[in-house]
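Asker:
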Amino acid sequence: MKENSIRETSLEHAGRNPVLDVDSVRKDFPIFTQAVRGERLVFLDSAASAQKPLQVIQSISECYESQYANVHRGVYWLSEKATEAFDASREKIGAFLNSPSSSEIVFVRGATEGINLVASSYGGTFLQPGDEVVISHMEHHSNIVPWQILRDQKGIVLKVAPIRDDGSIDLEVFGNILSSKTKFVSITHVANALGTVVPVKEICDMAHSAGARVLIDGCQAVPHCEVDVQKLGCDFYVFSGHKLYGPSGIGVLYAKEELLHQMPPYQGGGDMIESVTFERTSYADPPQRFEAGTPNISGAIGLGAAVDYVRSIGLDKIAAHEADVLGYATECLSGRNDIRIIGTAANKASVLSFMIEGVHPHDVGTILDQEGIAVRTGHHCAQPVMDRFGVPSTTRASLGMYNGRDDIDALIGGLERVKELFN
Ligand code: PMP
47 MKENSIRETS LEHAGRNPVL DVDSVRKDFP IFTQAVRGER LVFLDSAASA
97 QKPLQVIQSI SECYESQYAN VHRGVYWLSE KATEAFDASR EKIGAFLNSP
147 SSSEIVFVRG ATEGINLVAS SYGGTFLQPG DEVVISHMEH HSNIVPWQIL
197 RDQKGIVLKV APIRDDGSID LEVFGNILSS KTKFVSITHV ANALGTVVPV
247 KEICDMAHSA GARVLIDGCQ AVPHCEVDVQ KLGCDFYVFS GHKLYGPSGI
297 GVLYAKEELL HQMPPYQGGG DMIESVTFER TSYADPPQRF EAGTPNISGA
347 IGLGAAVDYV RSIGLDKIAA HEADVLGYAT ECLSGRNDIR IIGTAANKAS
397 VLSFMIEGVH PHDVGTILDQ EGIAVRTGHH CAQPVMDRFG VPSTTRASLG
447 MYNGRDDIDA LIGGLERVKE LFN
């Protein structure tokens, strides 16, 4: 057990070479120019939603200032401009995921809608009573509940792959759950409450060998590491724009083209049809088939700008930088008998969930807030994870590219104050 204070531990690490110029990155994010309760904003809640760079904010204003009209409908100049920008964004996102074709990119409201779409359209059509769907114990509620709804509607069987005490997946145990009855695996790429990076490539290979389709929930992965859907070989990949420094209310479902062609619409309405009569409607090809109604035009354009921004910084640099800051934070909080880190897998990204002995996470969050430090407290929409670790909630610090070791020092100073108040 370490004898020194949290503060001393953190100071040991001062002076290392940063791989990313955090000060210059922060200048791109206007939110950091304001003080919070008279203090510098220390934002450690990017897993819930990331802050937005000026490039994204400006792309949204430009959309409304000079190129706004409905898309895919008008024959006039402005509508063509809006359509071009909207379609260009789909192309950018396709390239970002290395999707073979941008027509495999469906705009949705977010990961939640993406998973619901797949459970309802693919699951509702191709899964039969008794078929097994495998998820893991570390899923966000949005990758649990849609499958439970399908279970109640169709009589599928939902199986849960267990996790180890460190929050990692045991691939051998996972493999033992798979059988010829397994028709679908839906699993997170990075766990939002634990930070575990899941070996999704291996999981795709194992699931495919068993004859199952695979959906990967990439919400907590795309802001932190490069994702190549062709290398992964996944059938579906979803993420939310707002965690990738883009706007809220827009997200992406990637799906293999052959699957999208086989899948029925999720919602009906304008823009998703080929022709409509009262007797019969024929549907448009994907991705339009899955985008009923006027889409989130400015959101899609803003997400394209977010992808441009992230690529301009470089995901390799972002990953290396965040690994450094997470490693620093982990070292500072490790080995203390008053702090329990929840999620200690060897391969983690961005997230540090912990408990301070004798202090409720909500109190931790409220005290930190007095110093301008924003952390998440609660069950993080992952109640089964909380149950697995026997805690009602945790305090979660999560990183974005704009966080540096100075933010961790601020957090650690704040935690000292929490301890003083509760001693
Ligand atoms: N999956 C994971 C792993 C998440 O972290 C989240 C958001 N916390 C979601 C799904 C749901 O994302 P959204 O609410 O943006 O649809």
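No gaps in the numbering here: position 59 of the sequence shown is 105 in my numbering, and each next residue is one more.
Where is the CB? At the ideal position from N, CA and C, for every residue including glycine.
As the structure is a computational prediction, the values presented were derived from the model and not from experiment.
1) Grab me the residues of Asp74's own chain with a C-beta within less than 6 Å of its C-beta, minus the 5 sequence neighbours each way, in chain order.
2) Can Gly241 be considered in contact with the ligand PMP, in the sense that its beta carbon sits closer than 7 Å to one or more heavy atoms?
3) Write down the C-beta distance between Thr441 and Gly418 rounded to the nearest angstrom, noting that I regard them as a contact closer than 8 Å.
4) Comparing C-alpha positions only, which one of Asn449, Ala369 and Asn469 sits nearest to Asp384?
5) Keeping to the same chain, check which residues put their C-beta closer than 7 Å to that of Pro310; ignore five residues upstream and five downstream.
6) So, using beta-carbon positions, are Gly160 and Val298 closer together than 8 Å?
7) So what's Lys205 in DSSP terms, helix, strand or just coil?
8) Ignore the nearest five residues each way along the sequence and tell me which others in Gly339's own chain have a CB closer than 7 Å to its CB.
9) Identify every residue that forms a DSSP beta bridge with Thr242.
10) If distances are taken between C-alpha atoms only, which option among Gly292, Tyr291, Lys289 and Gly264 comes closest to Tyr283?
11) Would you call the CB atoms of Gly348 and Pro269 closer than 8 Å?
12) Shortest alpha-carbon distance to Thr423 belongs to which of Gln416, Pro430 and Phe400?
13) Using alpha carbons as the reference points, say which of Ala81, Phe89, Val82 and Thr79 lies closest to Met447.
14) Here's the rule I'm using: 16 or more other beta-carbon atoms within 10 Å means buried, otherwise exposed. How should Tyr300 be labelled?
15) Here's the rule I'm using: 16 or more other beta-carbon atoms within 10 Å means buried, otherwise exposed. How should Tyr110 be labelled?
16) According to the Cβ coordinates, are Pro146 and Gln276 closer than 8 Å?
17) Please confirm whether any heavy atom of the ligand PMP lies closer than 7 Å to the CB of Ser286.
18) Looking at the structure shown, is Ile161 part of a helix, part of a strand, or coil, going by DSSP?
19) So does Cys265 have its beta carbon nearer than 7 Å to some heavy atom of the ligand PMP?
20) Within 10 angstroms of the Cβ of Asp453, are there 16 or more other Cβ atoms? Answer buried if so, exposed if not.
21) For Ser51, I'd like the list of residues in its chain whose CB is within less than 6 Å of its CB, leaving aside the five on either flank, ordered along the chain.
22) Per DSSP, Gly424 is paired with what?
23) For the segment 102-178, list the beta strand (DSSP E) runs that are entirely contained and at least 3 residues long, ordered along the chain.
24) Skipping 5 residues on each side, what residues in its chain have a beta carbon closer than 6 Å to that of Ser237?
25) With burial defined as no fewer than 16 other Cβ atoms inside 10 Å of the residue's Cβ, what is the status of Gly373: buried or exposed?
26) With a threshold of 7 Å (Cβ to nearest heavy atom), would Ala157 be considered close to the ligand PMP?
27) Using the C-alpha atoms, what's the distance from Leu414 back to Arg83?
28) Report the option in Ala395, Ala352 and Val322 whose CA atom is closest to the CA atom of Gly213.
Answerer: The answer reads as follows:
1) If you ignore the 5 residues before and after Asp74, its C-beta comes within less than 6 Å of the C-beta of Pro99 and Leu100, all in its own chain and listed in chain order.
2) Within the chosen limit of 7 Å, the ligand PMP does not reach the beta carbon of Gly241 with any heavy atom.
3) In fact, because the Cβ distance is near 16 Å, the residues do not count as touching under 8 Å.
4) Closest in C-alpha terms to Asp384, from the list Asn449, Ala369 and Asn469, comes Asn469.
5) The residues are Ser167 and Thr171.
6) Contact: yes.
7) Of the three classes helix, strand and coil, the one that applies to Lys205 here is strand, per DSSP.
8) In its chain, beyond the 5 residues on either side, Gly315, Gly316 and Asp317 have a beta carbon closer than 7 Å to the beta carbon of Gly339.
9) Secondary-structure assignment with DSSP links Thr242 through a beta bridge to Lys394.
10) That would be Gly264, whose Cα lies nearest to the Cα of Tyr283.
11) Not in contact: Gly348 and Pro269 (Cβ atoms no closer than 8 Å).
12) Nearest option by C-alpha distance: Phe400.
13) Considering only alpha carbons, the answer is Phe89.
14) Taking a 10 Å sphere around the C-beta of Tyr300, we find 16 or more other C-beta atoms and assign the residue as buried.
15) Taking all protein chains shown into account, Tyr110 has fewer than 16 neighbouring C-beta atoms within 10 Å of its C-beta and is therefore exposed.
16) If you check the CB distance, Pro146 and Gln276 come in under 8 Å.
17) Yes - the ligand PMP has a heavy atom lying nearer than 7 Å to the Cβ of Ser286.
18) Here DSSP, grouped into helix, strand and coil, assigns Ile161 to helix.
19) Yes - the ligand PMP has a heavy atom lying nearer than 7 Å to the Cβ of Cys265.
20) So Asp453 ends up on the buried side.
21) Confidence at Ser51 is low in this model, with a pLDDT of 46, below 50, so the placement of that residue is unreliable and no value is reported for it.
22) The partner list for Gly424 (beta bridge, DSSP) reads Thr440.
23) Residue ranges of uninterrupted beta strand (DSSP E) with 3 or more members, entirely inside the segment 102-178 and ordered along the chain, are 151-154.
24) The amino acid at residue 237 is misidentified as Ser; the sequence shows Ala. The answer, listed in chain order, is Met184.
25) It is exposed - the Cβ of Gly373 has fewer than 16 other Cβ atoms within 10 Å.
26) Ala157: yes, Cβ under 7 Å from the ligand PMP.
27) Rounded to the nearest angstrom, the gap between the Cα atoms of Arg83 and Leu414 is 11 Å.
28) Of the listed residues, the one whose Cα sits closest to Gly213 is Ala395.
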